[in-house]
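> Residue numbers (our numbering), protein chains in the order written: chain A, 211 to 314; chain B, -2 to 553.
Ideal placement from N, C-alpha and C gives every residue a C-beta, glycine not left out.
This is the structure, below, for whatever I ask next.
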């Protein structure tokens, strides 16, 4: 099975977040809890539904990742950009996404 | 400029407070997302890839300095210090917190702005020629009619839940700068033999997954019938537009399936019943609205001609900017200035808070307090004395917005793409930046001449790729970005939909492909006055296909 993590957007500010091992929503993909079998994915989905129902997050989704040299790396480009932000300089104080992380 | 009356003020302020209450109830958990989502969309609040997005309406693209300064303030206070001007004469903020949005809307209301109907299946922000009221070739100013349509369509009880979104554009010159033939309704102001004002009415244009050019269904609609005829069109659409399939719900599909003649007949039946109703526009009301859009009191500034000649001689960069970014005004002592939001390697349509503040200052000092937003993601100062052009130019140089590229190959339209948009399949902005850098040399741009590149990151075509002379559509193939190239599109009075030239290109090959297309054009054109689009229309796609894929290559 492909490894999976649970992601969403925080209700209050819409910022992309990932569920970590302590059951909290982190703004870093690298802190995400990885589900490596079906039961674990089901557990993630259940937590996602509860967090949504509890009005903590919106747009909850399970996304596919792989472990690359100790880093979590989403398989879809969309999710890699979500994890690191826009891929170009856009505002002072905010670095663009790492091109190597974004690369196919 | 139109000013809110008491009703407008009260209405917009009430909506802000209503939304503030809805947000508070959402944050407290009293309102669930399913119930809240349609409410936030009615106030222009989307949830995008990284955060919420607030889309603000700029009716017919007209702004005052005070309003632009407020947009800068909102960017600084509630966002990350910039805003993004879109192809629909809107402004989008990409990072507002939901909890801050009611305050941002209250700030907007204080300068007579709002975000209503910038989302949802309703009549969206009415757009118009960005040179309205100033252009030398204008028959009449389209903005009073756009304002009348705005008032009529705002929370219109019958048209707030249409089958899909509905877009209206108005132009007042023979040269169409509002792309009216790719709108649900396009209105072209004209005068009849008696000198009376009326409209040619186009219906059923649009881009997206099924691009279509609008059909002319009325050659001359009298001014007084504007609202009754428009109501008739939207009523027929509301009645017969498909609600079973959102991809077939736009009026362009209805026109295509019903036939323009039959649709026009149905519209005429509705119109006959409405023609003499309260929707008939009284002449005095049109005059009252039009008075808000009167040309400023332009003093004679004949000294500008001599000054301009001297300045151009002394500064080739300034001369190039005047040549490319200043267009003839109704008054020969004045010009219309395009402020390119496309610095070489920049993000098309983005402006920082400091740039917005500086442009507001320039507008106040040199341009009668008026700024326009173009559907090509640039800003316009519509009335600048030739005698003040040098000062305006210096002001723009200071904020890195004096690129002399209006209408040239680096004046690229690009949607936000996969860097921001939840719907996108591929990125648009980095591609625009790379093309801009490759062709950034001023002499080379001048040699190439007018060439419009438009980039969309998905089939919804927010970057207007279908009507780009060169269009780029980003798609996802096997998890990676791929770009389809279309050639020969145009969004002017001779609107055409671009043709797909062949199989798509990986991101790192697109700019080379553009270069091949440009080089092929330069080798084919009859002389430098023949622009890319004219050459393409004369020779067709084959030479470009051969250059891109080899003489025997088949289009994929």
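Less than 9 Å separating the beta-carbons of residue 49 of chain B and residue 223 of chain A?
The answer is yes: Cβ separation under 9 Å.
> Can you tell me which of the three DSSP states residue 59 of chain B falls into?
Here residue 59 of chain B sits in strand by DSSP.
> Measuring only between beta-carbons, confirm whether residue 269 of chain A sits less than 9 Å from chain B.
With 9 Å as the cut-off, residue 269 of chain A counts as an interface residue toward chain B.
> With DSSP run on the structure shown, which of helix, strand or coil describes residue 92 of chain B?
DSSP places residue 92 of chain B in coil when its eight states are reduced to three.
> Quick check on this structure: which residue in B/122, B/321, B/251 has the alpha carbon closest to the alpha carbon of residue 334 of chain B?
When only C-alpha atoms are compared, the closest one is B/321.
> Just to make sure I have the definition right: I need the residues of chain B whose C-beta is within less than 7 Å of the C-beta of residue 222 of chain A. Which are they?
Simply 24, 94, 95, 96.
> Using beta carbons (cut-off 9 Å, strictly below), is residue 242 of chain A in contact with chain B?
Chain B, which has no Cβ nearer than 9 Å to the Cβ of residue 242 of chain A, makes this no.
> Out of curiosity, what's the CA-to-CA distance linking residue 351 of chain B and residue 88 of chain B?
Spanning the two alpha carbons is a distance of roughly 16 Å.
> How would you label residue 56 of chain B, buried or exposed, when you count the other beta carbons within 10 angstroms and need 16 or more for buried?
With 16 or more other Cβ atoms within 10 Å, it is buried.
> For a contact defined as C-beta to C-beta under 9 Å, what are the partners of residue 297 of chain A on chain B?
The answer, in chain order, is 415, 416, 424, 426, 427.
> Unbroken alpha helix (DSSP H) runs of length 4 or more, entirely within the segment 353 to 424 of chain B: which are they?
If we require 4 residues or more, the alpha helix (DSSP H) runs fully inside the segment 353 to 424 of chain B come out as 386 to 395.
> Under a Cβ-count criterion, where at least 16 other Cβ atoms within 10 Å of its own Cβ denotes burial, should residue 209 of chain B be classed as buried or exposed?
With 16 or more Cβ atoms within 10 Å of its Cβ, residue 209 of chain B is classed as buried.
> Does the distance from the C-beta atom of residue 513 of chain B to that of residue 495 of chain B stay below 9 Å?
For residue 513 of chain B and residue 495 of chain B, no; Cβs fall outside 9 Å.
> Measuring alpha carbon to alpha carbon, tell me which residue in B/537, B/39, B/0 is nearest residue 626 of chain B.
Past the edges of chain B, shown from -2 to 553, lies residue 626 of chain B, and the structure says nothing about it.
> Do we get a CB-CB distance below 9 Å when we pair residue 257 of chain A with the residues of chain B?
No, its Cβ sits nowhere closer than 9 Å to a Cβ of chain B.
> What residues from chain A crowd round residue 68 of chain B, counting only those whose CB sits closer than 8 Å?
Under the 8 Å cutoff, chain A gives no residues; its nearest Cβ is about 15 Å from residue 68 of chain B.
> According to DSSP, simplified to helix, strand and coil, what is residue 497 of chain B?
Note: residue 497 of chain B maps to strand in three-state DSSP.
> Given that a residue counts as buried once 16 or more other Cβ atoms are within 10 Å of its Cβ, and exposed if not, what is residue 274 of chain B?
Exposed, by the Cβ-count rule.
> With a threshold of 6 Å on Cβ separation, who are the neighbours of residue 468 of chain B within its own chain once the five nearest residues in sequence on each side are excluded?
Excluding sequence neighbours, residue 468 of chain B sits near 451, 462, 483, 486, 495.
> Could you tell me whether the segment 218 to 225 of chain B touches the segment 257 to 265 of chain B, where touching means 3 or more Cβ pairs closer than 8 Å?
Result no; under three Cβ-Cβ pairs closer than 8 Å.
> Ignore the nearest five residues each way along the sequence and tell me which others in residue 24 of chain B's own chain have a CB closer than 8 Å to its CB.
Closer than 8 Å at Cβ, skipping near neighbours: 95, 96.
> Just to check my reading of the structure: residue 374 of chain B and residue 83 of chain B have Cβ atoms closer than 8 Å, yes? What is that Cβ distance to the nearest angstrom?
The Cβ separation is near 7 Å, so the contact holds.
> With contact counted as at least three CB pairs below 8 Å, one residue from each stretch, are the segment 277 to 295 of chain A and the segment 247 to 255 of chain A in contact?
Because the criterion of three Cβ pairs below 8 Å is not met, the segment 277 to 295 of chain A and the segment 247 to 255 of chain A do not touch.
> Can you give me, in chain order, the residues of the segment 429 to 444 of chain B that have a beta carbon less than 8 Å from any beta carbon in chain A?
Under the 8 Å Cβ criterion, the segment 429 to 444 of chain B contributes 430.
> Assuming residue 433 of chain B is part of the alpha helix (DSSP H), what are its boundary residues?
Segment 426 to 435, the alpha helix (DSSP H) holding residue 433 of chain B.
> Could you work out which residues of chain B lie near residue 219 of chain A, taking near to mean beta carbons separated by less than 7 Å?
Ordered by position in chain B, the residues that pass the 7 Å Cβ test against residue 219 of chain A are 44.
> Out of curiosity, what's the CA-to-CA distance linking residue 387 of chain B and residue 308 of chain B?
For residue 387 of chain B and residue 308 of chain B, the distance between alpha carbons rounds to 7 Å.
> Is the separation between the beta-carbon of residue 195 of chain B and that of residue 189 of chain B shorter than 9 Å?
A contact, by the Cβ cut-off of 9 Å.
> According to DSSP, is residue 164 of chain B part of a helix, a strand, or is it coil?
Looking at residue 164 of chain B - three-state DSSP - the assignment turns out to be coil, as it is neither helix nor strand.
> Name the chain B residues that come within less than 7 Å of residue 302 of chain A, Cβ to Cβ?
The contacting residues are 78.
> Quick one: what's got a C-beta closer than 8 Å to residue 257 of chain A's C-beta in the same chain, skipping five residues either side?
The residues are 216, 229, 233.
> Candidates B/251, B/234, B/295: which alpha carbon is nearest residue 267 of chain B's?
It is B/234.
> I need the DSSP call for residue 486 of chain B, collapsed to helix, strand or coil.
Coil at residue 486 of chain B, not helix or strand.
> Which bits of chain A does residue 75 of chain B rub up against, with CB to CB less than 9 Å?
Correct list: empty, because the minimum Cβ distance to chain A is about 11 Å.
> To test your reading of the DSSP string, which unbroken beta strand (DSSP E) runs of 3 or more residues are found completely within the segment 246 to 298 of chain A?
267 to 278, 281 to 284, all fully within the segment 246 to 298 of chain A.
> Compute the beta-carbon to beta-carbon distance between residue 267 of chain A and residue 220 of chain A, rounded to the nearest angstrom, for a pair I have assumed lies under 8 Å.
6 Å between Cβ atoms; contact.
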